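Peer 1:
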Amino acid sequence: MQQQILSITQINEYIRSQMDEDRLLNQLAVRGEISNYKMYPSGHHYFTLKDENAALKCVMFKTSAVRLRFRPENGMKVIAMGRITVYPRDGAFQLYCSAMTVDGVGDLYAAFEQLKAKLAAQGLFDPAHKKPLPAYPGTIGIITSSAGAAIHDMLRILNKRYPLTQVRLLPVRVQGAEAPGEIAAAIRYANHYRLADLLIVGRGGGSIEDLWAFNDERVAYAIYDSQIPIISAVGHEPDVTISDYVADLRAATPSNAAELAVPDQAALLQSMDSAASAMAGALSRQLRSARQRLEVLSHSSSLASPTGYLEQRQKNLEHLKTRLIAVQTQQLQRRKQRFIGCTAKLDAMSPLKVLTRGYSIVNQDDGTILRSVTQTEPGREVRVTLSDGSLRAVVSEIKENAL
Amino acid sequence: MNSNNQTFEQSMVRLEQIVRAMEKGDVELEESLRMFQEGTELIRRCGKLLDEAELQVKKIMTSPDGSPVEEDFSDEQ
Chain A
520 MQQQILSITQ INEYIRSQMD EDRLLNQLAV RGEISNYKMY PSGHHYFTLK
570 DENAALKCVM FKTSAVRLRF RPENGMKVIA MGRITVYPRD GAFQLYCSAM
620 TVDGVGDLYA AFEQLKAKLA AQGLFDPAHK KPLPAYPGTI GIITSSAGAA
670 IHDMLRILNK RYPLTQVRLL PVRVQGAEAP GEIAAAIRYA NHYRLADLLI
720 VGRGGGSIED LWAFNDERVA YAIYDSQIPI ISAVGHEPDV TISDYVADLR
770 AATPSNAAEL AVPDQAALLQ SMDSAASAMA GALSRQLRSA RQRLEVLSHS
820 SSLASPTGYL EQRQKNLEHL KTRLIAVQTQ QLQRRKQRFI GCTAKLDAMS
870 PLKVLTRGYS IVNQDDGTIL RSVTQTEPGR EVRVTLSDGS LRAVVSEIKE
920 NAL
Chain B
6 MNSNNQTFEQ SMVRLEQIVR AMEKGDVELE ESLRMFQEGT ELIRRCGKLL
56 DEAELQVKKI MTSPDGSPVE EDFSDEQ
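One line per chain: the protein sequences are A and B, in this order.
If you're matching positions, the first sequence starts at 520 in the working numbering and goes up one per residue.
If you're matching positions, the second sequence starts at 6 in the working numbering and goes up one per residue.
Structure representation (structure tokens):
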């Protein structure tokens, strides 16, 4: 069989096509230690990964390198993800690295992704669950370490922006094994005693291990269960923790949390200024239109002369006054006459008047007036009242009128 | 719990109401004048509250029965 003779280009291309078809080589993660690390001005990174017995050339292009969460150094143990293929010009294969994590942290990373998926499935990140923040929080509860830059930065910004608020610090450990339990307990405690209108939970920047307490599910559930709105503020800008996903609002840093928590008094003063000018504007518009209306009215014929108008009013008033007096006098007169009539009638009916004319009133023992002979009988005592006195008498005989 | 803040918030809410009502322009002139006075007074009072305010910071500690106790906190940095 005739041996086929190939060019170098052909064989390198052949190797490349073989490698490119291999599933493992197309996507793999490899553990090793960095050596010969170089970063070129182009932004590409070149290094070798090695273990005790072997070495692997690696390249990480700028587009992938900018996503690195750490600065690679010689001697660092890492896990590099990517594909292995051959570079035909050199006939050398290398790892085209698309992502890299510090070894050991890789386990944390996996745990993070697992927890994130689990909590997402349980609805802990549901936007519908997120509570609105109060516009003017009266009391802000801060759950963080009482030492350190984070609390200091937050207090400085809160004081500058909105000193009307009141801060309650719930000191907790923010890293280490005890931290997640303490943070979760502080959140629940603040809720139980309703210690604040708004909570800020967080800490300053640190390594991924330092921030790990905020990737704990106890903290996640405590944030989710909180009735008080929570701003999560962990680490620096690119650090995203589980707490950030669950919280009602995520702040990039603790300082940013303080900014998001309260209104800025500079802006408030400005809006008060614009309220003042809006009021003044509205009022002067209204005054102007009132003046215009007045202008129109004063030009109407009946009001052409203001004194004429006043005189007319004066005359009306005089007329009304005269009529009022006339009516009153008339009424008074009528009442007076009615009064006189009444007294005459009363006088005529007075019993005394009748008695002076020779009549008398006869009362029985019980005081009732005797109106008929049938009301008494002989021998009964009666009282007879005359105009100038009374006398007692005894009935000696009764005679009925035969009418 | 924090009366100055409450006053501030209520004043700001009222101020917004006043501005909205006045800008809408369907209040009587006399009422407008009264609102203008009220609004101006609110602005003055709110400005004063901000001017005089100083951030109060307390540390929450737990008493033996579990209830919270406030302690002064001074930011050492």
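Yeah, the Cβ is synthetic: ideal placement off N, Cα and C, and Gly gets one too.
On a predicted model such as this, the values are computed, not experimentally measured, just so you know.
Against chain A, which members of the stretch 48 to 76 of chain B pass a CB distance test of less than 8 Å?
Peer 2: Ile48, Cys51, Gly52, Leu54, Leu55, Ala58, Glu59, Leu60, Gln61, Val62, Lys63, Lys64, Ile65, Thr67, Ser72, Pro73 and Glu75
Peer 1: Decide if the stretch 9 to 22 of chain B is in contact with the stretch 46 to 64 of chain B; the criterion is three or more beta carbon pairs, one per stretch, under 8 Å apart.
Peer 2: Two segments are said to touch when three or more pairs of C-beta atoms, one from each, lie closer than 8 Å; by this definition the stretch 9 to 22 of chain B touches the stretch 46 to 64 of chain B.
Peer 1: With a threshold of 7 Å between beta carbons, is Ser113 of chain B in contact with chain A?
Peer 2: In the structure as shown, chain B begins at 6 and stops at 82. Residue 113 of chain B is therefore absent and cannot be evaluated.
Peer 1: With 8 Å as the limit, tell me which residues of the stretch 805 to 820 of chain A have their beta carbon closer than that to any beta carbon of chain B; keep them in chain order.
Peer 2: Gln805, Leu806 and Ala809
Peer 1: Compare the beta carbon distance of Ile747 of chain A and Asn710 of chain A with 7 Å and say whether it is the shorter of the two.
Peer 2: For this step, residue 747 of chain A is matched to residue 228 along the first sequence. For this step, residue 710 of chain A is matched to residue 191 along the first sequence. Yes, they are a contact pair.
Peer 1: Write down every uninterrupted run of the beta strand (DSSP E) in the stretch 703 to 765 of chain A whose length is 3 residues or greater and which is fully enclosed by it, in chain order.
Peer 2: Taking 3 residues as the minimum length, the beta strand (DSSP E) runs contained wholly in the stretch 703 to 765 of chain A are 717 to 722 and 749 to 753, in order along the chain.
Peer 1: Where do the N-terminal and C-terminal ends of the alpha helix (DSSP H) with Asn555 of chain A fall, by residue?
Peer 2: Mapped onto the first sequence, residue 555 of chain A falls at position 36. From DSSP, Asn555 of chain A is part of no alpha helix (DSSP H) but of the beta strand (DSSP E) over Leu547 to Met558.
Peer 1: Please tell me whether Glu33 of chain B has its Cβ less than 7 Å away from any Cβ of chain A.
Peer 2: As a first step, residue 33 of chain B is located in the second sequence; it is residue number 28 there, counting from the start. No, because no Cβ of chain A sits closer than 7 Å to the Cβ of Glu33 of chain B.
Peer 1: Identify the continuous beta strand (DSSP E) that holds Val686 of chain A and give its terminal residues.
Peer 2: Indexing the first sequence from 1 puts residue 686 of chain A at position 167. Start and end: Gln685 to Pro690.
Peer 1: Taking only three categories from DSSP, how would you classify Glu916 of chain A?
Peer 2: Within the first sequence, residue 916 of chain A is the residue found at index 397, counting from 1. DSSP places Glu916 of chain A in coil when its eight states are reduced to three.
Peer 1: List, from N- to C-terminal side, the alpha helix (DSSP H) runs of 4 residues or more that fit wholly inside the stretch 617 to 680 of chain A.
Peer 2: 624 to 640 and 668 to 680
Peer 1: Taking the beta strand (DSSP E) that Leu905 of chain A belongs to, which residues open and close that run?
Peer 2: Translated into positions along the first sequence, residue 905 of chain A becomes position 386. Here the beta strand (DSSP E) through Leu905 of chain A covers Glu900 to Leu905.
Peer 1: At the level of alpha carbons, what is the spacing between Val815 of chain A and Glu21 of chain B?
Peer 2: For this step, residue 815 of chain A is matched to residue 296 along the first sequence. For this step, residue 21 of chain B is matched to residue 16 along the second sequence. If you take the alpha carbons of Val815 of chain A and Glu21 of chain B, they lie about 34 Å apart.
Peer 1: Give the residues of chain B in contact with Leu575 of chain A, contact being defined as C-beta atoms less than 7 Å apart.
Peer 2: For the purposes of this step, residue 575 of chain A is taken as residue 56 along the first sequence, with counting starting at 1. What Leu575 of chain A touches in chain B: nothing, since even the nearest Cβ is about 47 Å away.
Peer 1: Any idea if Cys861 of chain A is buried or exposed, counting beta-carbon neighbours within 10 angstroms, 16 or more meaning buried?
Peer 2: Counting from one through the first sequence, the residue named residue 861 of chain A turns up at place 342. Exposed is the call here.
Peer 1: With 7 Å set as the bound, which would you pick, yes or no: does the beta-carbon of Pro651 of chain A sit closer than that to a beta-carbon of chain B?
Peer 2: Looking up residue 651 of chain A in the first sequence gives position 132. Not closer than 7 Å to any Cβ of chain B, the Cβ of Pro651 of chain A fails to qualify, so no.
Peer 1: Looking at C-beta atoms only, is the number of pairs between the stretch 753 to 767 of chain A and the stretch 785 to 792 of chain A that lie closer than 8 Å three or more?
Peer 2: no
Peer 1: Using the beta-carbon of each residue, which ones in chain B are nearer than 9 Å to Val686 of chain A?
Peer 2: Translated into the one-based positions of the first sequence, residue 686 of chain A becomes position 167. Ordered by position in chain B, the residues that pass the 9 Å Cβ test against Val686 of chain A are Leu60, Gln61, Val62, Lys63 and Phe78.
Peer 1: For Leu689 of chain A and chain B, any beta-carbon pair shorter than 7 Å?
Peer 2: Within the first sequence, numbered from 1, the residue matching residue 689 of chain A stands at position 170. Yes - at least one Cβ of chain B is within 7 Å of the one on Leu689 of chain A.
Peer 1: Find the residues of chain A that neighbour Gln11 of chain B, judging by a C-beta separation of less than 8 Å, and give them in chain order.
Peer 2: By one-based count along the second sequence, residue 11 of chain B stands at place 6. Result: Gly657.
Peer 1: According to the Cβ coordinates, are Ala770 of chain A and Ile750 of chain A closer than 7 Å?
Peer 2: As a position in the first sequence, residue 770 of chain A is number 251, starting the count at 1. As a position in the first sequence, residue 750 of chain A is number 231, starting the count at 1. For Ala770 of chain A and Ile750 of chain A, yes; Cβs fall inside 7 Å.
Peer 1: Under 8 Å, with one C-beta from each stretch per pair, do the stretch 650 to 664 of chain A and the stretch 625 to 640 of chain A reach the 3-pair mark?
Peer 2: The stretch 650 to 664 of chain A, when compared against the stretch 625 to 640 of chain A, does not touch it at the 8 Å Cβ threshold.
Peer 1: Counting C-beta neighbours from all protein chains within 10 Å, is the total for Val720 of chain A 16 or more, i.e. buried, or is it exposed?
Peer 2: Counting from one through the first sequence, the residue named residue 720 of chain A turns up at place 201. When all chains shown are included, Val720 of chain A counts as buried.
Peer 1: Please list the partners that Leu463 of chain A has in chain B, where partner means a Cβ-to-Cβ separation under 7 Å.
Peer 2: Because chain A spans 520 through 922 in this model, residue 463 of chain A falls outside it and cannot be assessed.
Peer 1: At which residues does the beta strand (DSSP E) containing Ala58 of chain B begin and terminate?
Peer 2: Reading the second sequence from its first residue, position 53 is the one you call residue 58 of chain B. It is not in any beta strand (DSSP E) - Ala58 of chain B carries neither H nor E in the DSSP assignment.
Peer 1: Please check the pair Phe612 of chain A and Thr620 of chain A, which I expect to be a contact at CB under 8 Å, by giving their CB distance rounded to whole angstroms.
Peer 2: Walking along the first sequence from the start, residue 612 of chain A turns up at place 93. Walking along the first sequence from the start, residue 620 of chain A turns up at place 101. Your pair Phe612 of chain A and Thr620 of chain A does not check out as a contact, with CB atoms roughly 23 Å apart and the cut at 8 Å.
Peer 1: Name the DSSP beta bridge partners of Met579 of chain A, please?
Peer 2: Working through the first sequence from its first residue, we reach residue 579 of chain A at position 60. Note: Met579 of chain A sits in a beta bridge opposite A:His564.
Peer 1: Measuring CB to CB, does Asp729 of chain A end up less than 7 Å from Gln694 of chain A?
Peer 2: The residue given as residue 729 of chain A occupies position 210 in the first sequence. The residue given as residue 694 of chain A occupies position 175 in the first sequence. Yes, they are a contact pair.
Peer 1: Per the DSSP calculation, Thr67 of chain B is bridged to which residue(s)?
Peer 2: On the second sequence, position 62 is the one that residue 67 of chain B refers to. According to DSSP, Thr67 of chain B bridges with B:Pro73.
Peer 1: Looking at the unbroken beta strand (DSSP E) that takes in Leu768 of chain A, where does it start and where does it end?
Peer 2: Position 249 of the first sequence, counted from the start, is the residue given in the question as residue 768 of chain A. Where Leu768 of chain A is concerned, the enclosing beta strand (DSSP E) stretches over Leu768 to Ala770.
Peer 1: Please list, in chain order, the chain A residues whose beta carbon lies closer than 7 Å to that of Glu46 of chain B.
Peer 2: Taking the second sequence and counting its residues from 1, one reaches residue 46 of chain B at position 41. In chain order: nothing, as chain A lies at least about 11 Å away.
Peer 1: I need the DSSP call for Ile524 of chain A, collapsed to helix, strand or coil.
Peer 2: Position 5 of the first sequence holds residue 524 of chain A. The answer is coil: DSSP assigns Ile524 of chain A none of H, G, I, E or B.
Peer 1: Could you please give the first and the last residue of the uninterrupted beta strand (DSSP E) stretch that includes Ala599 of chain A?
Peer 2: Within the first sequence, residue 599 of chain A is the residue found at index 80, counting from 1. Where Ala599 of chain A is concerned, the enclosing beta strand (DSSP E) stretches over Lys596 to Tyr606.
Peer 1: Quick check on the DSSP output: the beta strand (DSSP E) that includes Ile888 of chain A runs from which residue to which?
Peer 2: In the first sequence, residue 888 of chain A corresponds to position 369, counting from 1. Element bounds for Ile888 of chain A: n/a, residue is neither H nor E.
Peer 1: Apart from the five residues on each side of it in sequence, which residues of its chain come closer than 7 Å, Cβ to Cβ, to Glu532 of chain A?
Peer 2: If you number the first sequence from 1, residue 532 of chain A lands on position 13. Cβ neighbours of Glu532 of chain A beyond the five flanking positions: Pro607.
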